[in-house]
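Quick note on my numbering: the sequence shown kicks off at 213 and runs consecutively.
In what follows, a single structure is set out as structure tokens and then discussed.
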Amino acid sequence: DPAADLRKASEATRGLQKYMPGFQKVLLDYPKATLPGMQEKFFWLKSLIHDEMTYVLAHVLVAADGPARVIARREYYVSTGYNAEQTVGGFLPVKDGTVVITSIHAFTDQVTGMGGGMKRGIGSKVMASKMKDIYEAARKRSQTLR
213 DPAADLRKAS
223 EATRGLQKYM
233 PGFQKVLLDY
243 PKATLPGMQE
253 KFFWLKSLIH
263 DEMTYVLAHV
273 LVAADGPARV
283 IARREYYVST
293 GYNAEQTVGG
303 FLPVKDGTVV
313 ITSIHAFTDQ
323 VTGMGGGMKR
333 GIGSKVMASK
343 MKDIYEAARK
353 RSQTLR
């Protein structure tokens, strides 16, 4: 059930509740909840995933709360590979710059059953390592641009 999966992902974004509670309410109560000035767009993606053509219905929401910014991307319908995904990125101003936060939740039936917990644990560690490398490279690039 993608709706239940996305609700779980939204409930896990506790930082939003503190810094941008209106946007977390949008994630929890969409389409009933909205924010002034919020932008959103639905679109279809076509990707090759594990040598199989995959179609994805994506929804992007962008909002501001003072100097803070947040963007969310939800994938509701995925033809193969996984059930749903939600990525939330926040940009929070601090004294000497901006703190970037990211929350990614993907849901799949492909790692259930025997060994599913171990597979999810391994997948999480691999993804965390890759994300750390991506952010570290971006940080280094941004420092050379200053």
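We put the CB at the ideal spot given by N, CA and C, even for glycine.
Could you check which residue in the options has the C-alpha nearest to that of residue i?
i: Val-268; options: Arg-286, Asp-277, Ala-275, Ala-276; result: Arg-286
i: Leu-228; options: Ala-216, Glu-252, Asp-321, Ala-284; result: Ala-284
i: Met-265; options: Val-272, Leu-257, His-271; result: Leu-257
i: Ala-280; options: Thr-310, Leu-239, Lys-244; result: Thr-310
i: Phe-319; options: Lys-344, Lys-307, Ile-313, Thr-299; result: Thr-299
i: His-262; options: Asp-241, Val-306, Thr-292, Arg-219; result: Thr-292
i: Thr-314; options: Leu-218, Ala-245, Thr-225; result: Thr-225
i: Lys-253; options: Val-272, Leu-239, Val-238; result: Val-272
When burial is assigned at 16 or more other CB atoms within 10 Å of the CB, is residue i buried or exposed?
i: Gly-302; result: buried
i: Phe-235; result: buried
i: Leu-260; result: exposed
What would DSSP say about residue i, mapped onto helix, strand or coil?
i: Pro-279; result: coil
i: Ser-291; result: coil
i: Thr-356; result: helix
i: Lys-253; result: strand
i: Tyr-231; result: helix
i: Lys-244; result: coil
i: Ala-350; result: helix
i: Ala-215; result: helix
i: Ile-221; result: Looking at the sequence provided, one finds Ala at residue 221 rather than Ile. Three-state result, Ala-221: helix.
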